[in-house]
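Numbering (my numbering), first residue to last: 213 to 680.
Note that CB positions come from ideal geometry on N, CA and C, so glycine has one too.
Just so you know, these numbers come straight off a predicted model, no measurement behind them.
Structure, as structure tokens:
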Amino acid sequence: MKIAFHGAARTVTGSKHLLTLKNGKKILLDCGLFQGMGKDTETLNGSFGFDPSSVDYLVLSHAHIDHSGLIPKLVKDGFAGKIFSTPATKELAIILLEDSAQIQRDDTKFINKRRAKQGLPPYQPLYDLDDAAKAADLFEIVEYGNWKNITEEVEVMFTDAGHIIGSAAVHLRIKEDGKETHLTFSGDVGRYNDAILRSPQDFPHQADYIILESTYGNKLHDDVTGTSDALLQWIEKTCIQKKGKLIIPAFSVGRTQELLYALNQLELEHRLPAIPYYVDSPLSREATEVLKSYPEYFNKRIKKVMQEDDDPFDFKGLKFIKTVDESKALNDLPQPCVIMSASGMADAGRVKHHIMNNISDQKNTILMVGYCEPHSLGGRLASGAKEVKIFGEMYNVVAEVGQMRSMSAHGDYDDLSQFISKQDPAAVKTLFLVHGEYDVQQDFASRLLRKGFKEVVIPEMHYETALT
């Protein structure tokens with residue numbers, strides 16, 4: 213059999229790994245959208261590197277757009293097989309993909325108005341709402357811890373990866389020529405001291421091959437227990453002292469709920485400033501409801517909190533914004549407030565408009581609370597850029613740009629090391645590093661070799677190799 217890497221290869225986005233069996237059957241692990249890749253983004257998302265109609269099955273590790281966001285285009289271009297996922301991943305992916313189609317429609321309309329004035333041809337969205345709806349019909353759920361036959365030769369098991377609700381490490385048991393091969397794809401690995409979710413679960417068996425994410429493969433996070441205090445400092449500095457607006461780009465799934473939980477903690481401790489708090493993302497409201505419906509995936513700490521507070525994601529002063537008109541009205545608010553809006557890399561969605569409308573006022577702060585691809589708008593702001601291009605126009609960065617490093621849903625070096633700690637390195641034929649920046653991956657690869665792994669490969673885009 214062969215494995216080919218068509219995304220998240222020496223970069224952190226666009227996860228796509230294609231397994232081809234000896235009999236020609238093809239199983240795709242994830243089908244993510246490339247985000248924040250600058251001028252290359254459109255080209256990368258326009259071509260898969262393989263024929264979508266030739267793919268027989270898709271196994272989805274979790275719902276984040278950089279892992280699921282090209283599924284409707286895969287369907288549009290000919291894929292008609294089953295999509296295997298956990299129940300929560302199915303729920304989240306369906307609303308995320310619908311939202312992605314709507315964002316593409318709205319952003320394309322906004323951009324094309326400007327392009328028309330410049331005499332430029334219009335952009336076309338990657339897919340539409342009909343494509344997203346067709347994709348939704350292909351999902352088949354698999355509960356954690358159960359082996360499920362994909363084909364006669366291949367079984368899949370999901371174990372909780374602790375990254376977001378429903379996230380999973382994917383374990384494949386493959387039988388060819390009378391031999392059984394075990395392959396594990398980590399998806400995105402969460403943290404062992406996450407504020408909300410359970411810790412990542414152990415592998416169900418020894419793996420022959422491991423595909424491991426490496427976003428923070430050479431870094432250690434700040435202590436997650438300080439999140440509420442750090443967030444409070446930014447609120448007091450921006451909204452109380454400077455009388456400005458605190459704009460927080462946050463992914464609708466995972467990061468927004470962590471923010472709400474941290475703010476709720478401040479209210480329970482009677483420390484939350486009495487100002488308006490807005491979540492400007494209809495998707496975030498839906499995702500929050502999905503999260504609440506799976507309390508069995510919560511850790512012991514939040515379950516204890518829920519004994520006193522039945523909704524740890526709600527607090528006084530919180531309002532979810534629904535319509536576009538309500539979103540636009542936030543720009544005219546004279547009073548200090550906190551606005552949380554998607555997307556987390558600030559490269560799409562309503563937050564891009566909020567940044568555009570608030571970046572030129574020194575009273576305001578744009579607070580980055582998670583990883584951003586360096587070429588994304590969020591990445592450029594976090595790196596200290598003095599001016600940025602938003603919707604084709606340049607803006608001076610006058611507002612303060614801050615960062616909170618304690619909120620990442622990705623495991624750091626210690627978490628990733630713990631995730632693979634019960635595997636015998638000598639028994640792993642090859643460990644592939646994906647979903648990371650190349651310099652980080654090189655550092656991580658050196659550490660893994662010192663831990664006893666025999667071969668650590670960092671595949672480049674469209675790299676293909678045989679699995680023996």
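Segment limits, alpha helix (DSSP H) that includes residue i
i: residue 566; result: 562 to 570
i: residue 497; result: 494 to 504
i: residue 324; result: 299 to 329
i: residue 684; result: In the structure as shown, the chain begins at 213 and stops at 680. Residue 684 is therefore absent and cannot be evaluated.
i: residue 656; result: 650 to 662
i: residue 513; result: 512 to 517
i: residue 541; result: 536 to 541
i: residue 255; result: 253 to 258
i: residue 470; result: 467 to 480
i: residue 277; result: 277 to 280
i: residue 169; result: Because the chain here runs from 213 to 680, residue 169 falls outside it and cannot be looked at.
i: residue 530; result: Element bounds for residue 530: not the alpha helix (DSSP H) but the beta strand (DSSP E), 530 to 532.
i: residue 288; result: 283 to 288
Inter-residue CB distance, residue i and residue j (contact presumed, cutoff 8 Å)
i: residue 469; j: residue 503; result: 5 Å
i: residue 293; j: residue 587; result: That belief does not hold up - the Cβ atoms of residue 293 and residue 587 are roughly 33 Å apart, past 8 Å.
i: residue 645; j: residue 656; result: 6 Å
i: residue 432; j: residue 651; result: About 17 Å; that fails the 8 Å criterion.
i: residue 670; j: residue 654; result: 7 Å
i: residue 275; j: residue 673; result: Contact flag wrong, Cβ pair sits at about 24 Å.
i: residue 180; j: residue 291; result: Given that the chain is displayed from residue 213 to residue 680, the structure contains no residue 180 and the question cannot be resolved.
i: residue 511; j: residue 408; result: 7 Å
i: residue 454; j: residue 575; result: 5 Å
i: residue 473; j: residue 524; result: 6 Å
Close Cβ partners of residue i (< 8 Å) along its chain, the five nearest in sequence each way excluded
i: residue 392; result: 385 and 386
i: residue 317; result: 337, 340 and 341
i: residue 279; result: 227, 242, 243, 244, 272, 273, 399 and 400
i: residue 676; result: 214, 215, 216 and 217
i: residue 489; result: 475, 527, 529, 530, 531, 549, 550 and 552
i: residue 610; result: 571, 572, 573 and 574
i: residue 663; result: 629 and 637
Contacting residues, own chain, Cβ-Cβ under 7 Å from residue i (five flanking each side not counted)
i: residue 284; result: 309, 313, 339, 343, 344 and 347
i: residue 351; result: 295, 297 and 302
i: residue 388; result: 213, 233, 234 and 365
i: residue 630; result: 404
i: residue 239; result: 231, 268, 269, 271, 362 and 366
i: residue 485; result: 447, 448, 451 and 452
i: residue 478; result: 440, 444 and 484
i: residue 636; result: 418
i: residue 416; result: 369, 371 and 383
Closer than 8 Å to chain C by CB, residue i
i: residue 433; result: Protein chains in the displayed structure number just one, and chain C is not present.
Terminal residues of the beta strand (DSSP E) in which residue i lies
i: residue 454; result: No beta strand (DSSP E) holds residue 454; DSSP gives it neither H nor E.
i: residue 615; result: 612 to 615
i: residue 608; result: 605 to 608
i: residue 385; result: 380 to 388
i: residue 372; result: 366 to 372
i: residue 601; result: 599 to 602
i: residue 551; result: 549 to 553
i: residue 270; result: 269 to 271
i: residue 594; result: Segment 589 to 594 is the alpha helix (DSSP H) holding residue 594; no beta strand (DSSP E) there.
i: residue 578; result: 577 to 580
i: residue 338; result: From DSSP, residue 338 is part of no beta strand (DSSP E); its letter is neither H nor E.
i: residue 353; result: 351 to 353
i: residue 640; result: Residue 640 -> no beta strand (DSSP E), and no H or E assigned at all.
i: residue 675; result: 675 to 678
Cβ-heavy atom distance, residue i to the ligand GDP, below 7 Å
i: residue 379; result: The ligand GDP is not part of this structure, which contains no ligands at all.
Own chain, CB closer than 6 Å to residue i, minus 5 neighbours either side, in chain order
i: residue 411; result: 374 and 404
i: residue 395; result: 384 and 421
i: residue 326; result: 604
i: residue 613; result: 578 and 593
i: residue 667; result: 642
i: residue 223; result: none
i: residue 300; result: 377, 378 and 506
i: residue 434; result: 617 and 618
Three or more C-beta pairs below 8 Å linking the stretch 545 to 564 and the stretch 456 to 475: Taking 8 Å as the limit for Cβ pairs, the verdict is that the stretch 456 to 475 does touch the stretch 545 to 564.
Segment contact, 8 Å Cβ cut-off, at least three pairs: the stretch 517 to 529 with the stretch 561 to 569: No: fewer than three Cβ pairs fall under 8 Å.
The stretch 315 to 323 touching the stretch 265 to 279, judged by at least three CB pairs closer than 8 Å: No contact exists between the stretch 315 to 323 and the stretch 265 to 279.
Sufficient close CB pairs (3 or more, under 8 Å) joining the stretch 611 to 628 to the stretch 400 to 419: In the pairwise beta carbon analysis, the stretch 611 to 628 is classified as touching the stretch 400 to 419: at least three pairs are separated by under 8 Å.
Any beta strand (DSSP E) of 3 or more consecutive residues that is wholly inside the stretch 215 to 249: DSSP runs (the beta strand (DSSP E)) wholly in the stretch 215 to 249: 228 to 232 and 238 to 241.
Ordered list of alpha helix (DSSP H) runs contained in the stretch 392 to 450, each at least 4 residues: Along the stretch 392 to 450, the alpha helix (DSSP H) occurs as fully enclosed runs of 4 or more residues at 439 to 447, listed in sequence order.
At least 3 beta-carbon pairs within less than 8 Å: the stretch 410 to 422 vs the stretch 446 to 458: Not touching, per the Cβ criterion.
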